[in-house]
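Asker: Can you read through this structure? Questions will come right after.
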Ligand SMILES: Nc1ncnc2c1ncn2[C@@H]1O[C@H](COP(=O)(O)OP(=O)(O)OP(=O)(O)O)[C@@H](O)[C@H]1O
Ligand SMILES: O=P(O)(O)OC[C@H]1O[C@H](OP(=O)(O)OP(=O)(O)O)[C@H](O)[C@@H]1O
Ligand SMILES: O=C(O)c1cccnc1
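In the working numbering, the protein residues as written are 488 to 980.
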């Protein structure tokens, strides 16, 4: 079985929910296939009770769009799908249409590694309704999970205070593609390495590993096991101390470290994977320092997350690096981001002006933002973000320094004096990439920079402040006019 990353399975176009295809058939049949839509991907709440998210997955969108084709065997499969009421689900004419189908969308997105906040567009897709609809599920699948993982990792790395964090999550990840996505997104979010070898090959992420308890158990004694590991991996020797008893492990590791010195090698580190990690790391540090082995680093693992790591440092634990698996790969305690894909403007043909649309809901919280939206982020003199203004150029008024809160029109934020920068960049024009995606290293350093400049009050874990996000005044007016008109009309319907 060949395994590739999520954007390049052979049947990328079938990696979708059935309803996207039945709606596409409906658009095709009703003559609406060429009418255009503008869709935005956004989430309503920052994950993990935090104040921000790290945009991720955008670097794979151009691949997704360009590889979105229905191969012969995909068409053959669709031809055989039966409707529950009997007969084929898809018509022959529609299948012929799909056989020649190529995505014609244009896509703008927040660059990978940038910070994003609730309700602002992370990705904007414009193009024929049928294309936009066909793209929905695969696009959300790409950015929702990776944004969540990158955000979780950014939190864990923040707690680790600059000490390296390695992604150990593959064995607990949501399947093979999930493991790859975790490795990629966690590296962008700040992890230093991954234990996932395939992710190393595909993405060029540094790989890292120690050894398991089973290695120690496979030898007559722990000392034999440590010596054998030092012999086989002298240049990357990390010894796991807690198979039997950490104190015995410390003594045996010191013996082997001394033997390595005599052979001209150095024990790189030890790992502790159970028990009181604060107490044991202090005891280990003291014993190794006492033995003149202050260069040997201490690495820990065992169900870690941002809170345990923060607590370990609060207890003065002299830990140098962390392996974080289960809680990172599964994004504990919030397994999904909840990003949605909503229509915000339509037009009958590409030559018409956009007609902004709004979806009202009984819950004000779920009301959408109309228009062809982009984001203007304002920065202060130190380069720190002050607030994000969602703008639709065709609706824009002339006051450009006020942001109107998305949920409460009476709340405004003044960003005068700030320097605006367009946040979203174009990735795809009518189905073809307009630029090569950033490298994973560029995305990673963008994330590091952005987090460094984020106000600590927004970054903290407990009760973070809300970062200002809202509408440009003209767009806010347009939204309330549309909402009023919609309420009037729905009364008549
Ligand atoms: N000093 C500490 N302060 C806070 N949390 C800690 C501390 N030491 C360990 N932990 C965390 O407590 C949790 C449980 O640790 P515990 O000591 O019960 O592990 P264990 O049961 O010995 O390990 P295992 O069951 O995996 O063999 C883990 O998430 C671990 O990371
Ligand atoms: O704890 P995590 O953050 O998921 O990190 C990965 C874990 O995977 C390995 O053990 P495994 O879970 O296979 O067995 P163990 O819990 O019995 O050590 C390793 O020793 C870590 O404990
Ligand atoms: O290399 C390790 O120590 C490792 C890798 C994955 C999971 N647990 C540990």
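Even glycine gets a Cβ: it sits at the ideal position worked out from N, Cα and C.
#1: Who are the Cβ neighbours of residue 790 in its own chain at under 7 Å, not counting the five residues just before and after it?
#2: Between the alpha carbons of residue 880 and residue 886, how many angstroms are there, rounded?
#3: Is residue 930 near residue 599, with beta carbons less than 7 Å apart?
#4: Would you tell me roughly how many angstroms separate the C-alpha atoms of residue 780 and residue 724, rounded to the nearest one?
#5: Tell me the rounded alpha-carbon separation between residue 647 and residue 689.
#6: With a threshold of 6 Å on Cβ separation, who are the neighbours of residue 510 within its own chain once the five nearest residues in sequence on each side are excluded?
#7: CA-CA distance, residue 831 and residue 772?
#8: Go through the segment 910-938 residue by residue and report every complete run of the alpha helix (DSSP H) that reaches 4 residues or more, in order.
#9: Report the rounded CA-to-CA distance for residue 757 versus residue 787, giving the unit in angstroms.
#10: So, with DSSP's three-state summary, where would you put residue 688?
#11: Closest to residue 753 by CA distance: which of 784, 764 and 870 is it?
#12: Report whether the distance from the Cβ of residue 809 to the nearest heavy atom of ligand 3 is below 6 Å.
#13: Would you grab the beta carbon distance between residue 877 and residue 803 for me? Rounded to a whole angstrom, and I think it's under 8 Å.
#14: Given this structure, state the Cα-to-Cα distance separating residue 874 from residue 834, to the nearest angstrom.
#15: Does residue 734 pass the burial test, meaning 16 or more other C-beta atoms within 10 Å, or should it be called exposed?
#16: In terms of DSSP beta bridges, what is residue 653 paired with?
#17: Which residues does DSSP list as the beta-bridge partners of residue 864?
#18: Around ligand 1, what residues have a beta-carbon under 6 Å from a heavy atom of it, in chain order?
#19: With distances taken Cα to Cα, identify the nearest neighbour of residue 947 among 516, 540, 526 and 514.
#20: Using a Cβ-Cβ cutoff of less than 6 Å, which residues in the same chain neighbour residue 774 once the five nearest sequence positions on both sides are dropped?
#21: Hey, could you find the ends of the alpha helix (DSSP H) residue 552 is sitting in?
#22: Using only CA atoms, which one of 518, 549, 640 and 533 lies nearest to residue 923?
#23: By how many angstroms is the C-alpha of residue 534 removed from the C-alpha of residue 635?
#24: Going by other Cβ atoms of all chains shown within 10 Å of its Cβ, with 16 needed for buried, is residue 684 buried or exposed?
#25: Tell me whether residue 623 sits in a helix, a strand or coil according to DSSP, three-state version.
#26: Measuring alpha carbon to alpha carbon, tell me which of 696, 730, 531 and 669 ends up nearest residue 986.
#27: Compute the Euclidean distance between the alpha carbons of residue 973 and residue 861, then round it to the nearest angstrom.
#28: Identify every run of the beta strand (DSSP E) within the segment 669-754, keeping only runs that are complete inside it and at least 3 residues long; order them along the chain.
#29: Which whole-angstrom value is the C-beta distance of residue 672 and residue 637, which I expect to be below 8 Å?
#30: Assuming the contact rule is C-beta atoms closer than 8 Å, residue 652 and residue 678 should be a hit. Round their C-beta distance to whole Å, please.
#31: Which first and last residues belong to the alpha helix (DSSP H) in which residue 944 is found?
#32: Look at the alpha carbon of residue 851 and the alpha carbon of residue 967, and state the distance between them as a whole number of angstroms.
#33: Does DSSP put residue 593 in a helix, a strand or coil?
#34: Determine the extent of the beta strand (DSSP E) in which residue 648 is found, giving its start and end residues.
#35: If you compare alpha carbons, which of 743, 591, 954 and 644 is closest to residue 607?
#36: Cα separation between residue 513 and residue 576?
Answerer: Quick answer:
#1: Position 303 of the chain shown, counted from the start, is the residue given in the question as residue 790. Excluding residues within five positions, the ones whose Cβ falls inside 7 Å are 813 and 814.
#2: Residue numbering aside, residue 880 sits at position 393 when the chain shown is read from its first letter. Residue numbering aside, residue 886 sits at position 399 when the chain shown is read from its first letter. Whole-angstrom Cα-Cα distance: 13 Å.
#3: In the chain shown, the residue the question calls residue 930 occupies position 443. In the chain shown, the residue the question calls residue 599 occupies position 112. Contact flag set, yes.
#4: Position 293 of the chain shown holds residue 780. Position 237 of the chain shown holds residue 724. Roughly 14 Å between the two C-alpha positions.
#5: On the chain shown, position 160 is the one that residue 647 refers to. On the chain shown, position 202 is the one that residue 689 refers to. Computed Cα separation, rounded: 27 Å.
#6: In the chain shown, the residue the question calls residue 510 occupies position 23. If we look at residue 510 and ignore the five residues flanking it on each side, its Cβ neighbours are 620.
#7: Start at 1 with the first residue of the chain shown, and residue 831 comes out as number 344. Start at 1 with the first residue of the chain shown, and residue 772 comes out as number 285. About 58 Å.
#8: none
#9: For the purposes of this step, residue 757 is taken as the residue at position 270 of the chain shown. For the purposes of this step, residue 787 is taken as the residue at position 300 of the chain shown. Going by the C-alpha atoms only, they are around 8 Å apart.
#10: For the purposes of this step, residue 688 is taken as residue 201 along the chain shown, with counting starting at 1. Helix at residue 688.
#11: Counted from its first residue, the chain shown places residue 753 at position 266. Of the candidates 784, 764 and 870, the one whose C-alpha sits nearest the C-alpha of residue 753 is 784.
#12: As a first step, residue 809 is located in the chain shown; it is residue number 322 there, counting from the start. Not under cutoff, so the answer is no.
#13: Numbered from its first residue, the chain shown carries residue 877 at position 390. Numbered from its first residue, the chain shown carries residue 803 at position 316. Incorrect: roughly 45 Å between the Cβ atoms, too far for contact.
#14: In the chain shown, the residue the question calls residue 874 occupies position 387. In the chain shown, the residue the question calls residue 834 occupies position 347. Looking at the two C-alpha atoms, the distance is approximately 31 Å.
#15: Residue numbering aside, residue 734 sits at position 247 when the chain shown is read from its first letter. Classification for residue 734: exposed.
#16: Counting from 1 along the chain shown, the entry for residue 653 is found at position 166. Answer by DSSP bridge pairing, in chain order: 680 and 810.
#17: On the chain shown, residue 864 is found 377 positions in, with the first residue counted as 1. Answer is 875 and 908, bridged to residue 864.
#18: 761, 762, 763, 764, 765, 789, 790, 791, 795, 798, 799 and 802
#19: Stepping through the chain shown from its first residue, residue 947 is reached at position 460. With distances taken between Cα atoms, residue 947 lies closest to 540.
#20: Taking the chain shown and counting its residues from 1, the one referred to as residue 774 is at position 287. Around residue 774: 737.
#21: The residue you call residue 552 lines up with position 65 of the chain shown. 548-553 is the extent of the alpha helix (DSSP H) around residue 552.
#22: Here residue 923 is taken as the residue at index 436 of the chain shown, counted from 1. That would be 549, whose Cα lies nearest to the Cα of residue 923.
#23: The residue you call residue 635 lines up with position 148 of the chain shown. The residue you call residue 534 lines up with position 47 of the chain shown. Distance between the alpha carbons of residue 635 and residue 534 is about 7 Å.
#24: Sequence index remark: in the chain shown, residue 684 carries index 197 (1-based). By the neighbour-count rule (16 or more Cβ atoms within 10 Å), residue 684 is not buried but exposed.
#25: The count along the chain shown starts at 1 and reaches residue 623 at position 136. Note: residue 623 maps to helix in three-state DSSP.
#26: In this structure the chain extends from 488 to 980, so residue 986 is not present and cannot be described.
#27: Taking the first residue of the chain shown as 1, we reach residue 973 at position 486. Taking the first residue of the chain shown as 1, we reach residue 861 at position 374. Distance between the alpha carbons of residue 973 and residue 861: 23 Å.
#28: 725-727
#29: Within the chain shown, residue 672 is the residue found at index 185, counting from 1. Within the chain shown, residue 637 is the residue found at index 150, counting from 1. Right, the Cβ-Cβ distance comes to about 4 Å (below 8 Å), so this counts as a contact.
#30: To locate residue 652, count along the chain shown from 1; it is residue 165. To locate residue 678, count along the chain shown from 1; it is residue 191. Residue 652 to residue 678, Cβ: 5 Å. Contact.
#31: The count along the chain shown starts at 1 and reaches residue 944 at position 457. First-last of the alpha helix (DSSP H) with residue 944: 943-946.
#32: Your numbering for residue 851 matches position 364 in the chain shown. Your numbering for residue 967 matches position 480 in the chain shown. Cα to Cα, residue 851 sits roughly 12 Å from residue 967.
#33: Your numbering for residue 593 matches position 106 in the chain shown. Reduced to three states, the DSSP call for residue 593 is strand.
#34: Counting from one through the chain shown, the residue named residue 648 turns up at place 161. Taken as a continuous stretch (DSSP letters only), residue 648 belongs to no beta strand (DSSP E), as it is neither H nor E.
#35: Locating residue 607 in the chain shown gives position 120, counting from the first residue. When only C-alpha atoms are compared, the closest one is 954.
#36: On the chain shown, position 26 is the one that residue 513 refers to. On the chain shown, position 89 is the one that residue 576 refers to. About 12 Å.
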